[in-house]
Amino acid sequence: MNKNMKSICFEIKDGKNLEANIPQFLNHLVNIYGQYSEVKFAMHYYTFYEYYLESFGDALAEEKIIMKDFNTIIKECLLSDFSGDKMENGVKRLDEMRKQVIRQMKVLTSYTDIFQIYEYVLNRIEYRFAVEQGELNEDAFIEEVMAYIFDTKDNVVINDKIKEVIGQLPVRMSKGRYFDIIKDSFSIYKGAERFTLHDFMYMMETCSMLFEPESAETAYAEYKDFRKTLEGLDYKNLTKEEYAAYAARLQDIATDINKHVDFYYGLQECINNLYVMLLTAPYALMEGGYRIESLGREMKFLLLPQDMDKFRIIIRMIYNYFEKDEKQPFDGELEEKISYTEGKQEFLAEEFGILEPYFFELEQNHTSLMESLMMGSLFHCISLSQKLLSGSLFIELDKVVDHQLVDNDYLQTVREDYLNRLADMFDKNPQAVNRAVMANTINKVPVFFQTVNDVRDYIKNAMYSCKDLAEKSACITIIRSLFEN
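Per this note's numbering, the sequence shown starts with residue -2, numbered consecutively.
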């Protein structure tokens, strides 16, 4: 940050000369976001083409249509002459595309969680067909687990390990005890903002196969059919051949889901950065010669117009590879040019990382003044850009966050609705599936043990209460793999 901008920031913090400082500050910040997003887009677009080259198969027909639409937006809005109407139209199309990607990801995430439940069930059947099952030393194993959990004094790490372990142990607690644990886990949200409870509910619903995303009934019919098949299996009497067939099919489905997820993840990285580029384009001001003093006190410069031209050339070259649709590897010229991005994003991120706290100051205390200065649209552009460039890749931009506090009545309504739906599902599912759901949910709630001995007793009870040698052997193998990882 140079001395002039540093002075502006200090005055904003002190509430001084805001009429003069706010426009300068916002124009500088939007410029930084625009440049940062262009650097990031060039890098992500490059990586996305490499994914397309190596992993994109014919089975991803719907994704190919989306990818073609995305490249059309790049051509019309980024690689053509600047037009305000084009930019506005491009933003609208990108926004709808983002929503489409989010819808698809919700369905894919839902199926991932569902098939993880059935993977848990099948994993515990596998050892039933082992040629020979040796004797198990439960006491020695319990000591191994305790040593693994408590090999640190960091309570956060300890709690994470406890959750890992109880998510894989045999589940032999009563339904009553299980429902008490789940019910108690809601209590920490009393007095909290409602959106935190909503986030918890989303996690619990997905982990218990109760989340039904929009378009789940029509998307990925193959997954839907296989889910119905798994729901109808008699797990107690499954033959070795049936087990092998269903386990192999489940692995194939998981691989297929990962292909779709990889596509949408890579595409969303590109969408978010292109979205910011189009949003900030009308406001971008190239400040030639603007000096920034980095944290290391080394004098550097913002990216100049000629620097940004290099990024646009890189983007155009990558676009041309997509347009040819020949799946050709990059040539040496592009490989050389992409190296120009190295270090640029870190430098720009360092700058806006310093500036953002002052933007939050304006957001909290001076929104009315910004509106009166005709800065409302620019403020909204920056606020939206922050969301798009955040770590939350699939953030829903128009989602209303409920900041109301959770009172006892609201908590009870949400909790009872979930518990009733969970109980109904348990009535329909076989015991093996219910135990998988129980394991997959009790390791998501706050740790419910008070002492080290409570942890030991839980593990001991789980191991000694399980009379299924195959299940017990599978659990030991899986938990020991946690030690290695």
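Quick reminder that beta carbons are idealized off the backbone N, C-alpha and C, glycines included. Given the structure is predicted, the values throughout are model-derived calculations rather than measurements.
### 7 Å Cβ shell around ASN156 - same chain, five flanking residues per side excluded
These residues qualify, in order along the chain: VAL444.
### Query
On the premise that TYR124 lies in contact with SER470, defined as a C-beta separation below 8 Å, what is that separation, rounded to the nearest angstrom?
4 Å
### Query
Taking the DSSP output, what are the residues bridged to LEU402?
GLU190
### Task
Assign PHE126 to one of two classes, buried (16 or more other C-beta atoms within 10 Å of its C-beta) or exposed (fewer than that).
exposed
### Message
Let's see if you can read the secondary structure: which residues bound the alpha helix (DSSP H) around ALA433?
### Response
428 to 439
### CA nearest to the CA of PHE480, picked from MET372, ARG169, GLN97, PHE138
PHE138
### Message
Given this structure, state the Cα-to-Cα distance separating THR226 from ARG412, to the nearest angstrom.
### Response
31 Å
### Message
Only counting the same chain, and skipping five residues up and downstream in sequence, which positions put a Cβ closer than 8 Å to that of CYS463?
### Response
PRO167, ARG169, LYS469, CYS472
### Query
Straight-line CA distance for LYS72 to ALA436?
49 Å
### Query
With C-beta atoms as the reference, is ASN405 less than 8 Å away from LYS187?
Judged by beta-carbon spacing, LYS187 lies within the 8 Å limit of ASN405, meaning their Cβ atoms are closer than that value.
### Residue environment, ARG313, which counts as buried when at least 16 other CB atoms sit within 10 Å
exposed
### Task
State the Cα-Cα distance for the pair ASN426 and TYR415, rounded to the nearest angstrom.
Their backbone Cα atoms lie some 17 Å apart in a straight line.
### Query
Given that a residue counts as buried once 16 or more other Cβ atoms are within 10 Å of its Cβ, and exposed if not, what is GLY285?
In this predicted model, GLY285 has a pLDDT of only 40, less than 50, meaning its place in the structure is not dependable; the value taken from the coordinates is given anyway. In the assembly as shown, GLY285 is an exposed residue. Its beta-carbon has fewer than 16 other beta-carbons within 10 Å.
### Query
Is it right to say HIS400 is buried, meaning 16 or more other beta carbons lie within 10 angstroms of its own, or is it exposed?
Counting Cβ neighbours within 10 Å, HIS400 comes out exposed, since fewer than 16 surround it.
### Query
What are the uninterrupted segments assigned as alpha helix (DSSP H) that are 4 or more residues long and contained completely in the segment 336 to 408, given in chain order?
Runs of the alpha helix (DSSP H) inside the segment 336 to 408: 341 to 362, 364 to 369, 373 to 385.
### Query
Taking three-plus beta-carbon pairs below 8 Å as touching, is the segment 264 to 280 in contact with the segment 145 to 164?
No: the two stretches stay apart, fewer than three of their Cβ pairs being nearer than 8 Å.
### Query
Looking at the structure shown, is ALA213 part of a helix, part of a strand, or coil, going by DSSP?
coil
### Task
Give the single residue among MET201, TYR33, LEU57 whose Cα lies nearest to the Cα of TYR261.
LEU57
### Task
Keeping to the same chain, check which residues put their C-beta closer than 7 Å to that of PRO326; ignore five residues upstream and five downstream.
LEU50
### Message
I believe GLN248 touches LEU390 by the beta-carbon criterion, under 8 Å. Please report the beta-carbon distance rounded to the nearest angstrom.
### Response
Wrong, their Cβ atoms sit about 26 Å apart, outside the cutoff.
### Task
Assign VAL88 to buried or exposed, taking buried as 16 or more other Cβ atoms, counted over all protein chains shown, within 10 Å of its Cβ.
Buried, since its Cβ has 16 or more Cβ neighbours within 10 Å.
### Message
Check this for me: beta carbons of GLU214 and PHE208, under 8 Å apart or not?
### Response
no
### Task
Count the other C-beta atoms from every protein chain shown that fall within 10 angstroms of the C-beta of GLY350, then say buried if there are 16 or more, exposed otherwise.
Using a 10 angstroms sphere on the CB of GLY350, the tally of other CB atoms stays under 16, which defines it as exposed.
### Query
In the segment 115 to 185, which residue ranges form an unbroken alpha helix (DSSP H) of at least 4 residues, counting only runs that do not cross its ends?
Complete alpha helix (DSSP H) runs here, min 4: 135 to 146, 152 to 163, 172 to 182.
### Task
Note the first and the last residue of the continuous alpha helix (DSSP H) segment covering VAL442.
VAL442 -> no alpha helix (DSSP H), and no H or E assigned at all.
### Query
Using the rule of at least 16 other Cβ atoms within 10 Å of the residue's Cβ for burial, across every protein chain shown, is GLU343 buried or exposed?
By the neighbour-count rule (16 or more Cβ atoms within 10 Å), GLU343 is not buried but exposed.
### Query
Between ASP136 and VAL430, what straight-line distance do the alpha-carbon atoms span, to the nearest angstrom?
When rounded, the distance between both Cα atoms is 27 Å.
### Message
Counting C-beta neighbours from all protein chains within 10 Å, is the total for LYS13 16 or more, i.e. buried, or is it exposed?
### Response
LYS13 counts as exposed, since fewer than 16 other beta carbons sit within 10 angstroms of its beta carbon.
### Message
Distance check for LEU359 and VAL27, CA to CA, integer angstroms please.
### Response
Looking at the two C-alpha atoms, the distance is approximately 14 Å.
### N-terminal and C-terminal residue of the alpha helix (DSSP H) that ALA278 is part of
Counting along the chain, ALA278 falls outside any alpha helix (DSSP H), and DSSP gives it neither H nor E.
### Contacting residues, own chain, Cβ-Cβ under 7 Å from ASP476 (five flanking each side not counted)
Looking at the sequence provided, one finds Ile at residue 476 rather than Asp. Within the same chain, ILE476 has close Cβ partners VAL142, VAL162, GLN165.
### Query
How about LEU419 and SER205: are their beta carbons less than 8 Å apart?
With respect to the 8 Å criterion, LEU419 and SER205 are classified as neighbours on the basis of their beta carbons.
### Query
Taking all protein chains shown into account, do 16 or more other C-beta atoms lie within 10 angstroms of the C-beta of HIS257, making it buried, or fewer, making it exposed?
buried
### Message
Please report the straight-line C-alpha distance between SER387 and VAL449, rounded to a whole angstrom.
### Response
39 Å
### Query
Anyone know if the C-beta pair for ILE111 and ARG224 falls short of 8 Å?
yes
### Task
Determine the contact status of LEU15 and HIS363, defining contact as a CB-CB distance below 8 Å.
yes
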